[in-house]
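Taking it in order: structure first as structure tokens, then the write-up.
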Amino acid sequence: MYVQARKSLSIELLDFGINYFTSPLQDSCRWLMHHIYASQKDLRELRKFYNKYNHPSLDKQRQHDEALLRMYNDYKAGRQLPENFIRMAAPYYAAYQALIQLIKDDIQQHNWEKAIQVAEKFETRFAGNYAYKELLKTLRAPYDQSIIAIPFDSTINTPHAMQYSVIVGANDSIMYFTGRNRKDNLGQEDVYMSKRTQQGWQTAQLVKGINTANGYESPMALSVDGTTLLLFKNGGMCVTNKSTKGWTTPTPLPDELNNAKWQSDAMITSDGKAMLFAASKKNLSEYQQSNNVYEASNIFVSLMDSNGVWSEPIDLGPTINTPFCDRSPVLHPDMKTLYFCSEGHGTLGDLDVFKSTRIYEDSWTDWTTPVNIGKEINSVDLDCWYRISTDGKKAYFSKTTDNDSKLYTTIIPKNMQPDPVVTIAGRVVDMENKPVGTTIRWENLQTHATIGQIHSDPIDGAFFIVLPQGKNYGYFIDDKRYFPYADHIDLRNSQQSKQIYRNIQVETIERMKHLGTAVRLNNQFFDTNKAILLPASIAELNRVYALISQIDSHIEISGHTDNVGNDQSNQILSQKRAQAVSDYLVQLGIDPSRITIVGYGETKPVADNNTEEGRQLNRRVEIRFLNE
103 MYVQARKSLS IELLDFGINY FTSPLQDSCR WLMHHIYASQ KDLRELRKFY
153 NKYNHPSLDK QRQHDEALLR MYNDYKAGRQ LPENFIRMAA PYYAAYQALI
203 QLIKDDIQQH NWEKAIQVAE KFETRFAGNY AYKELLKTLR APYDQSIIAI
253 PFDSTINTPH AMQYSVIVGA NDSIMYFTGR NRKDNLGQED VYMSKRTQQG
303 WQTAQLVKGI NTANGYESPM ALSVDGTTLL LFKNGGMCVT NKSTKGWTTP
353 TPLPDELNNA KWQSDAMITS DGKAMLFAAS KKNLSEYQQS NNVYEASNIF
403 VSLMDSNGVW SEPIDLGPTI NTPFCDRSPV LHPDMKTLYF CSEGHGTLGD
453 LDVFKSTRIY EDSWTDWTTP VNIGKEINSV DLDCWYRIST DGKKAYFSKT
503 TDNDSKLYTT IIPKNMQPDP VVTIAGRVVD MENKPVGTTI RWENLQTHAT
553 IGQIHSDPID GAFFIVLPQG KNYGYFIDDK RYFPYADHID LRNSQQSKQI
603 YRNIQVETIE RMKHLGTAVR LNNQFFDTNK AILLPASIAE LNRVYALISQ
653 IDSHIEISGH TDNVGNDQSN QILSQKRAQA VSDYLVQLGI DPSRITIVGY
703 GETKPVADNN TEEGRQLNRR VEIRFLNE
């Protein structure tokens with residue numbers, strides 16, 4: 103337990119150790135507890151430590167700390183020079199804050215060399231201090247003058263008001279943000295929305311059905327598909343879903359996710375399988391007023407299981423979370439690049455934005471050391487609520503000065519951008535071209551494991567999928583009303599971002615049975631001129647089996663080729679491929695007497711055989727229900 107307490111700096115565990123362990127573990131716990139209290143923003147917290155954990159072994163340390171406290175009080179009252187206080191208080195956090203105040207003006211004026219000179223004067227005093235080391239690294243880094251924060255115009259920002267906590271849809275076409283002290287405010291904090299048109303962003307409007315009089319409602323995250331909105335509501339997290347009538351009434355997330363006094367800054371990963379959020383033991387008012395940073399927020403993740411149930415939150419671990427405030431997590435759709443805000447990783451003042459990379463695909467606690475994303479982005483003020491565009495090149499954020507807060511956009515330094523991703527956008531429609539709201543899942547065709555899911559928009563059928571590089575993906579409709587239409591995209595050797603537009607037309611089971619409509623099996627794979635099913639074909643065929651095993655009807659499985667080669671060989675190949683599909687379904691349990699196998703060869707093209715794209719479309723296996 104001591105090892106756990108030492109790693110987490112848990113006050114609760116150390117307190118237990120001081121009271122119930124025997125020496126030397128008791129003394130070790132007391133030493134760590136002293137380190138915690140001495141490292142806080144307000145050194146006067148040290149008196150709380152000595153009042154509770156006084157011990158003869160600490161007498162010498164107490165004398166030193168009393169002298170330090172007198173100097174700290176003099177420094178806070180302006181009776182002591184910051185340089186003198188830093189020399190005595192370093193490497194504690196209060197000394198680091200004093201150093202930041204000492205170089206604040208130089209940072210604001212971009213006098214980097216002078217700021218570095220002042221900071222370096224105390225290098226020996228901060229020896230081994232992680233935050234100080236990172237500060238020097240940030241100050242010494244090259245400064246890119248082309249990276250400029252650009253405020254949104256009056257369609258978004260209202261003068262003498264607060265606009266913050268901005269989120270932008272994955273396709274960069276819709277924006278939600280928090281508005282406060284605006285003339286049209288309904289409550290204390292309200293959710294506003296703006297859509298992007300060819301002319302730019304429309305005038306922001308209050309979102310109907312979400313805001314309440316005198317309430318605190320703030321947007322935290324929008325799912326990639328745009329159909330789920332996470333809200334901060336009066337100290338807790340709520341969810342609302344898009345329906346044909348608009349947003350539903352917000353409902354609290356499960357108790358497993360709302361078990362702290364304050365939690366906010368949530369986001370849903372692009373695969374829909376994880377939720378990252380910040381949480382604190384304090385309630386809203388305590389959080390805003392507290393000087394005890396060891397009860398500030400940390401970042402957690404909750405995972406969704408196959409039944410749609412969220413897990414108990416997992417702490418991202420000490421590489422990300424510090425004893426100070428860590429919040430506003432954003433995991434880019436590459437599923438490994440994390441951006442978050444912290445005051446414990448070496449900031450230029452208050453909260454700064456940091457970047458870290460998830461080391462292992464199956465781990466949420468192994469991360470690279472966070473890096474300050476740069477003095478072009480961060481400042482001496484509060485830098486928080488950064489949202490990164492899907493292409494990883496642009497950031498949306500708020501900047502607060504006094505009682506005024508505005509929304510801005512800027513480009514991200516190239517060395518701080520995430521890996522490129524591939525997007526697939528389009529609409530899901532039925533055979534009459536009417537929009538369909540449904541579930542789309544995607545899977546790893548090599549492992550057959552389902553990776554993620556989204557929902558098409560219930561109003562217009564629009565969908566948006568974001569896929570990281572490195573896998574061979576299949577995606578499919580998961581809806582009992584429709585045949586499980588599937589398609590694929592192989593990104594195993596891809597390293598470039600792509601934007602693909604592909605509409606999906608679905609056919610109902612009832613129409614297929616009534617009309618005998620043939621549906622293409624897009625995810626059936628064979629080597630050239632061969633009829634042996636490749637492993638990547640299995641996932642789709644398993645879904646087809648699950649469907650036809652519940653339908654009392656004969657089926658036809660047909661094979662088709664392009665016009666390359668002679669007619670006879672094409673007919674034989676198409677017959678063999680249809681047979682291969684049939685054999686697998688029979689192997690799973692389908693009665694072979696229910697299946698008719700046909701090889702049409704090149705006789706029924708659906709596209710022009712004069713192009714490679716057309717020939718690829720003509721090479722296919724189809725299935726249909728036979729009218730009896």
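Every number in this note's numbering is 102 more than the matching position in the sequence shown, counting from 1. C-beta: ideal position from N, C-alpha, C; glycine also.
For Val608, there is no enclosing beta strand (DSSP E), as DSSP marks it with neither H nor E. For Gln265, the uninterrupted beta strand (DSSP E) run begins and ends at 264-270, by DSSP.
Selection Asn259, Leu355, His590, Val530 evaluated against Asn574 yields His590 as nearest (Cα-Cα). Taken atom to atom, the span from the alpha-carbon of Cys427 to that of Ser399 is near 5 Å. Between Ala376 and Gln365, the beta carbon gap of about 15 Å keeps them out of contact (Cβ cut-off 8 Å).
Beyond the five residues adjoining it in sequence on each side, Leu675 comes within less than 7 Å, by CB distance, of Asn631, Ala633, Thr663 in the same chain, given in chain order. Straight across, the Cα-Cα distance linking Gln247 with Asn480 is about 13 Å. In the DSSP secondary-structure assignment, Cys340 is bridged to Leu333, Pro354. No Cβ-Cβ contact shorter than 8 Å links Ala527 with Phe578. For Ser655, same chain residues with a beta-carbon under 8 Å away, outside a window of 5 residues either side, are Lys615, Arg696, Phe727, Leu728, Glu730 in chain order. Asp407 is classed as exposed because its beta carbon has fewer than 16 other beta carbons within 10 Å across all chains shown. Fewer than three pairs of CB atoms, one per stretch, sit closer than 8 Å, so the stretch 487-497 makes no contact with the stretch 212-227. In this structure, Ile542 sits away from Arg583, with a CB-CB distance that is not shorter than 8 Å. Burial of Gly554 is indicated by the presence of at least 16 other C-beta atoms within 10 angstroms of its C-beta. For a cut-off of 8 Å, the C-beta gap from Val403 to Trp466 is around 5 Å, short enough to register as a contact. Distance from the CA of Glu534 to the CA of Leu623, rounded to the nearest whole angstrom, comes to 21 Å. Counting C-beta pairs closer than 8 Å gives three or more between the stretch 123-142 and the stretch 152-160, which meets the contact rule. Contact between Leu170 and Met190 holds: their C-beta atoms lie close to 6 Å from each other, under 8 Å. DSSP places Ala196 in no beta strand (DSSP E) but in the uninterrupted alpha helix (DSSP H) bounded by 195-210.
With fewer than 16 neighbouring CB atoms inside 10 Å of its own CB, Tyr245 falls in the exposed class. Of the candidates Gln199, Val608, Leu636, Leu636 places its Cα closest to the Cα of Thr549. By the criterion of a C-beta distance shorter than 6 Å, Ala197 is surrounded in its chain by Ile188, Ala191, once the five residues flanking it on both sides are discounted. Residue nearest to Ser507 within the set Ala497, Asp483, Arg529 is Asp483 (criterion: CA-CA distance).
In the displayed model, Tyr177 falls within a helix according to three-state DSSP. Under DSSP, Trp412 shares a beta bridge with Met406.
Checking the DSSP bridge columns, you'll see Ile657 partnered with Ile697, Phe727.
In summary, Asp357 is exposed, with fewer than 16 beta-carbon neighbours lying within 10 Å of its beta-carbon over all protein chains present.
Bridge pairing for Arg543: Gln555, Phe578 [DSSP]. Look at Phe627 here: in three-state DSSP terms it is coil, with no helix or strand label.
Beta-bridge pairing by DSSP links His590 to Gly576. If you look at Glu642, you'll find it isn't in any beta strand (DSSP E); it sits in the alpha helix (DSSP H) that goes 640-650. When only Cα atoms are considered, Asp144 and Leu201 end up about 15 Å apart. Cβ contact annotation for Gly618 (same chain, cutoff 6 Å, sequence separation greater than five): Arg726, Asn729, in chain order. Per DSSP, reduced to three states, the secondary structure at Ser248 is coil, with no helix or strand assignment. Of all C-beta pairs linking the stretch 207-214 to the stretch 429-448, fewer than three are shorter than 8 Å, placing the two stretches out of contact. For Gly716, the enclosing alpha helix (DSSP H) begins and ends at 714-720.
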